[in-house]
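Engineer: My questions will all concern the structure given below.
2 protein chains.
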Amino acid sequence: MSRLVMKFGGTSVADIERIRNVARHVKREWDAGHDVAVVVSAMAGTTNKLVAWCREASVLHDAREYDVVVSSGEQVTSGLLAIVLQEMGVTARSWQGWQIPIYSDGSHAAAHILGVNGEEIIKRFKERREVAVISGFQGIHKETGRVTTFGRGGSDTSAVAVAAGIGAERCDIYTDVDGVYTTDPNVVEKAKRLEKVAFEEMLEMASLGAKVLQVRSVEYAMQNKVRVMVRSSFDDPVKPKTDKNGQPVGTLICDEEEILENQVVTGIAFSKDEAQISIRRLADKPGIAAALFGPLADANINVDMIVQNISADGFTDITFTVPTADYDRAKAAIEKAKAAIGFKAMEGANDVVKVSIIGVGMRTHAGVAASAFKALAAKGINIRAISTSEIKISILIDAAYTELAVRTLHSLYGLDR
Amino acid sequence: MSRLVMKFGGTSVADIERIRNVARHVKREWDAGHDVAVVVSAMAGTTNKLVAWCREASVLHDAREYDVVVSSGEQVTSGLLAIVLQEMGVTARSWQGWQIPIYSDGSHAAAHILGVNGEEIIKRFKERREVAVISGFQGIHKETGRVTTFGRGGSDTSAVAVAAGIGAERCDIYTDVDGVYTTDPNVVEKAKRLEKVAFEEMLEMASLGAKVLQVRSVEYAMQNKVRVMVRSSFDDPVKPKTDKNGQPVGTLICDEEEILENQVVTGIAFSKDEAQISIRRLADKPGIAAALFGPLADANINVDMIVQNISADGFTDITFTVPTADYDRAKAAIEKAKAAIGFKAMEGANDVVKVSIIGVGMRTHAGVAASAFKALAAKGINIRAISTSEIKISILIDAAYTELAVRTLHSLYGLDR
């Protein structure tokens with residue numbers, strides 16, 4: 000029978016009643032004949048409390064001990080869900096990261112999964128159809144045997160890695176939304192749920208602020224060809240809604256080749272977490288970019304879009320963006336290095352937004368960018384900076400125009416229909 | 000340098016401030032040159048909350064999953080204490096039961112420790128004087144690799160087992176009292192702290208209601224010759240009180256041979272958790288005891304003192320005690336089996352108390368029992384039943400006489416001095 004991974008987040012397991020609801024979802028799939036591995040997060044609020052204790056214990060706490068403390072939250076949920084499943088007549092057993100094991104590297108508090116050994120779980124599927132209830136977010140460092148955690152949202156990655164480890168047909172991520180939308184439905188009423196999204200597209204959407212899945216989980220799914228479905232945990236656990244084809248309502252994130260009707264543009268994402276800094280009249284000479292961005296790297300500030308104008312009379316202008324939270328620090332770092340860099344003026348703005356047009360179809364369709372610029376110009380929206388990749392065009396504009404720009408682009412590429 | 004185990008209970012680690020206080024105790028011993036392993040319980044209240052969740056999940060919850068859930072409490076404390084120690088400049092690392100490992104049998108929720116592998120901890124003592132912060136109460140089943148717990152108070156046993164595993168010179172159990180007393184100081188003002196108690200004596204005291212140590216931890220200490228010291232966690236962590244010999248204030252539980260000045264009687268214990276049942280005029284024939292106590296065993300009721308009178312005209316009387324909580328159930332079970340047993344009448348009382356006189360010196364001193372009976376008779380105290388062992392005399396009396404009897408015996412054996 001086909002194997003299935005189901006993942007539930009902290010809100011879905013916040014108390015015993017909700018854990019019972021999760022168990023009904025699991026029982027449904029188990030009754031339908033699937034061999035099921037469930038991945039669970041800590042009960043909502045638990046991880047925050049544990050993190051606060053670590054901070055209270057020491058501001059500069061050892062990440063290895065932090066991992067010991069915070070990983071306890073998932074342990075509680077896995078045991079409780081196993082108990083509830085057993086009471087419902089479903090064979091079940093809990094598993095911690097170290098028991099499976101889920102191996103990771105040693106980057107404590109933000110570890111990367113190296114692989115999941117699915118042997119014992121598969122053996123128990125075969126022997127007694129035992130549901131594996133697995134603590135998300137946690138693993139074990141292969142060399143030291145210490146507990147590791149994967150950072151916020153890491154349970155998504157756990158679920159995908161378990162799916163890869165047991166060769167699951169699909170990994171269902173239950174969230175508070177019923178799928179991935181063409182854009183934020185709070186901004187564009189006509190936003191539509193996407194039936195399928197390619198891994199690459201989802202990767203851009205995840206990193207651009209469509210907060211449905213952790214970026215790393217999408218990367219892991221893409222590398223290991225794990226089909227991931229985003230679906231709603233609020234759906235009826237016994238008789239979930241289905242679409243016109245009888246499939247569960249949700250968005251399947253899969254290989255490009257599985258998507259038959261490719262759109263040129265799949266979605267419009269936007270991120271308000273951007274601040275713009277422009278440096279005027281830098282000497283246009285080798286090494287100037289290094290002199291400028293070195294101090295930012297030293298301050299551990301991520302630089303996103305970078306635009307450099309063509310040089311005129313030996314001087315140039317550079318514009319780039321940083322996360323809003325780092326805006327003041329970034330300006331201070333550059334100001335401090337002003338003599339070493341050598342420039343005339345620094346300008347900046349943190350009331351800006353990055354709007355992105357995403358679609359694997361862009362690879363084979365020219366003119367997507369040109370039509371976007373034209374449509375925005377027609378609405379009087381000024382473009383501050385542009386950066387592009389194979390399947391994405393990002394445009395920096397004034398934050399006041401966010402809704403107008405997103406709606407305009409959503410219509411332009413036929414996503415309203 | 001000598002190795003030391005220090006154990007702190009839930010009240011001592013109830014919040015970060017108290018954990019900091021525990022760390023100061025540890026740092027004191029570490030600074031003094033000891034290699035230290037600390038065993039900690041869950042933060043006060045945590046285990047109760049986790050147990051309540053398991054019950055809410057299912058009344059008949061799987062003990063294996065219960066163990067997964069409740070063992071998370073100690074995990075949190077061990078990580079937090081390691082963080083606090085590190086901040087104080089003490090090299091420290093947390094250890095869960097499965098990491099050391101602390102092997103146990105498979106009696107989930109009440110598992111017995113089979114042994115502790117101290118190798119890695121000793122290695123780290125030698126390499127970098129690293130303090131081992133160990134989660135109490137939990138181990139791992141050697142065959143299945145599942146997490147086990149040791150039942151309430153199990154952290155005491157963890158501490159003693161760790162001490163045996165690393166060959167510690169002493170295992171210090173920090174409690175809310177500064178030692179073991181000749182009797183309950185709330186009853187006898189003149190009760191005195193004992194400097195030393197033999198394992199066998201402590202075993203009787205622990206099982207008789209001197210609630211300082213878990214019985215199993217004393218058994219483990221006796222079998223493995225681990226010297227255990229009961230001392231106060233309220234003592235100043237930097238400069239703890241010392242006695243006239245410069246030794247820390249507390250009670251050392253040790254081998255009889257280490258106690259030079261042996262008293263005949265070491266202490267007077269009492270237990271109010273007793274109810275008396277008397278069966279009148281049973282046919283005095285083979286198998287009658289089995290017929291009587293079989294139904295109680297089937298109902299899982301522990302029978303403590305058993306007294307059978309000499310037979311007269313083919314009939315006999317039997318008196319025994321059961322825990323107060325089981326009094327009604329016990330009477331009902333016997334009533335139900337009345338036809339099979341065959342007796343004339345059943346009488347009972349649950350306003351009784353068992354007073355016990357304890358001392359290894361009794362082995363070599365005759366007349367202890369006789370003097371007790373005489374002293375109690377002089378005070379008009381009626382004896383309902385008597386049972387004795389090599390180092391103990393237990394006497395069942397009316398509860399109203401508890402204080403009078405305890406004070407009388409405390410004076411009689413010179414414990415007031």
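Read top to bottom, the protein sequences are chains V and G.
Mapping to numbering that gives the first Met the number 0: the first sequence position 143 is 142, numbers consecutive.
Mapping to numbering that gives the first Met the number 0: the second sequence position 289 is 288, numbers consecutive.
Where a beta carbon is used, it is the ideal one built from N, C-alpha and C, also for glycine.
How long is the line joining the alpha carbons of Glu-55(G) and Asp-34(V), rounded to whole angstroms?
Structural biologist: 27 Å
Engineer: Compare the C-alpha of Ala-274(G) against each of Thr-318(G), Lys-238(G) and Pro-236(G) and name the closest.
Structural biologist: With distances taken between Cα atoms, Ala-274(G) lies closest to Thr-318(G).
Engineer: Which value, in whole angstroms, describes the spacing of the CA atoms of Phe-342(V) and Thr-315(V)?
Structural biologist: 9 Å
Engineer: If we define contact as Cβ-Cβ less than 8 Å, is Ser-93(V) a contact residue for chain G?
Structural biologist: At a cut-off of 8 Å between C-beta atoms, Ser-93(V) counts as an interface residue with respect to chain G.
Engineer: What are the complete beta strand (DSSP E) segments, minimum 3 residues, inside the region 213-300 of chain V?
Structural biologist: 227-231, 250-253 and 266-282
Engineer: Select from Val-4(G), Ala-404(G) and Ser-370(G) the residue whose C-alpha is nearest the C-alpha of Ala-167(G).
Structural biologist: Val-4(G)
Engineer: Along chain V, which residues have their Cβ under 9 Å away from the Cβ of Trp-97(G)?
Structural biologist: By Cβ distance, chain V contributes Gln-95, Trp-97 and Gln-98.
Engineer: What is the DSSP secondary structure of Glu-346(V), counted as helix, strand or coil?
Structural biologist: strand
Engineer: Return the bridge partner residues of Asp-34(V) from the DSSP annotation.
Structural biologist: Arg-2(V)
Engineer: Measuring CA to CA, which of Asp-30(G), Ile-120(G), Val-38(G) and Ala-31(G) is closest to Ile-18(G)?
Structural biologist: Val-38(G)
Engineer: Taking just the CA atoms, how far does Phe-7(G) sit from Lys-26(G)?
Structural biologist: 14 Å
Engineer: Cβ of His-107(V) less than 8 Å from any chain G Cβ?
Structural biologist: no
Engineer: Using the rule of at least 16 other Cβ atoms within 10 Å of the residue's Cβ for burial, across every protein chain shown, is Val-352(G) buried or exposed?
Structural biologist: buried
Engineer: Rounded to whole angstroms, what is the Cα-Cα separation between Ser-71(G) and Val-75(V)?
Structural biologist: 7 Å
Engineer: So which residues of chain V does Ser-154(G) contact, with C-beta pairs closer than 8 Å?
Structural biologist: Under the 8 Å cutoff, chain V gives no residues; its nearest Cβ is about 16 Å from Ser-154(G).
Engineer: Could you have a look at Asp-417(G) and say whether DSSP puts it in helix, strand or coil?
Structural biologist: In this structure chain G extends from 0 to 416, so residue 417(G) is not present and cannot be described.
Engineer: Is there at least one Cβ from chain V nearer than 8 Å to Gly-166(G)'s Cβ?
Structural biologist: no
Engineer: List the residues that DSSP assigns as beta-bridge partners of Arg-169(V).
Structural biologist: Leu-3(V)
Engineer: Any idea if Asp-303(G) is buried or exposed, counting beta-carbon neighbours within 10 angstroms, 16 or more meaning buried?
Structural biologist: buried
Engineer: Is His-140(V) near Gly-117(V), with beta carbons less than 8 Å apart?
Structural biologist: For His-140(V) and Gly-117(V), no; Cβs fall outside 8 Å.
Engineer: Considering only the beta carbon of each residue, do Gln-98(V) and Asp-61(G) sit closer than 8 Å?
Structural biologist: no
Engineer: Considering only their Cβ atoms, is the gap separating Lys-189(G) from Leu-415(G) smaller than 8 Å?
Structural biologist: Looking at the sequence itself, residue 415(G) is Asp, so the reference to Leu does not match. In contact: Asp-415(G) and Lys-189(G) (Cβ atoms closer than 8 Å).
Engineer: Closest to Arg-23(G) by CA distance: which of Leu-251(G), Pro-239(G), Val-264(G) and Met-204(G) is it?
Structural biologist: Among Leu-251(G), Pro-239(G), Val-264(G) and Met-204(G), the Cα nearest to that of Arg-23(G) belongs to Pro-239(G).
Engineer: Does the CB of Ile-82(G) have a neighbour CB from chain V at under 8 Å?
Structural biologist: yes
Engineer: Under DSSP, the alpha helix (DSSP H) around Glu-66(G) begins and ends at which residues?
Structural biologist: Checking the sequence, you will find Asp at residue 66(G) rather than Glu. Looking at the DSSP string, the run of the alpha helix (DSSP H) that includes Asp-66(G) is 62-69.
Engineer: So Ile-276(G) and Val-306(G) are in contact, right, with Cβ under 8 Å, and what is the actual spacing, rounded?
Structural biologist: Ile-276(G) to Val-306(G), Cβ: 11 Å. No contact.
Engineer: Is any beta-carbon of chain G found at less than 8 Å from that of Ile-101(V)?
Structural biologist: False, the Cβ-Cβ gap to chain G never drops below 8 Å.
Engineer: Where do the ends of the alpha helix (DSSP H) carrying Ala-91(G) lie?
Structural biologist: Where Ala-91(G) is concerned, there is no enclosing alpha helix (DSSP H), although the beta strand (DSSP E) it sits in stretches over 91-94.
Engineer: Please classify Gly-379(G) as buried or exposed, where buried requires at least 16 other C-beta atoms within 10 Å of its C-beta.
Structural biologist: exposed
Engineer: For Val-176(V) versus Ser-231(V), is the C-beta spacing smaller than 8 Å?
Structural biologist: The Cβ atoms of Val-176(V) and Ser-231(V) sit closer than 8 Å to each other.
Engineer: Under 7 Å Cβ to Cβ from Val-227(G), same chain only, skipping five residues before and after it: list those, please.
Structural biologist: Same-chain partners within the cutoff: Val-159, Cys-170, Ile-172, Ala-220 and Ile-252.
Engineer: Going by C-alpha distance, which of Thr-148(G), Glu-255(G), Val-229(G) and Glu-260(G) is nearest Gln-246(G)?
Structural biologist: If we check each option's Cα against that of Gln-246(G), Val-229(G) comes out closest.
Engineer: Considering Lys-210(V), what are the terminal residues of the beta strand (DSSP E) in which it resides?
Structural biologist: In the DSSP assignment, Lys-210(V) falls outside any beta strand (DSSP E), carrying neither H nor E.
Engineer: Sort Ala-365(G), Val-354(G) and Ser-388(G) by Cα distance to Leu-403(G) and report the nearest one.
Structural biologist: Answer by Cα proximity: Val-354(G).
Engineer: Taking 6 Å as the limit between beta carbons, can you name the residues of its chain near Ser-386(G), skipping five residues before and five after?
Structural biologist: Met-304 and Ser-393
Engineer: Along the chain, where does the beta strand (DSSP E) containing Arg-131(V) start, and where does it finish?
Structural biologist: A small correction: the amino acid at residue 131(V) is Ala; Arg does not occupy that position in the sequence shown. First-last of the beta strand (DSSP E) with Ala-131(V): 130-134.
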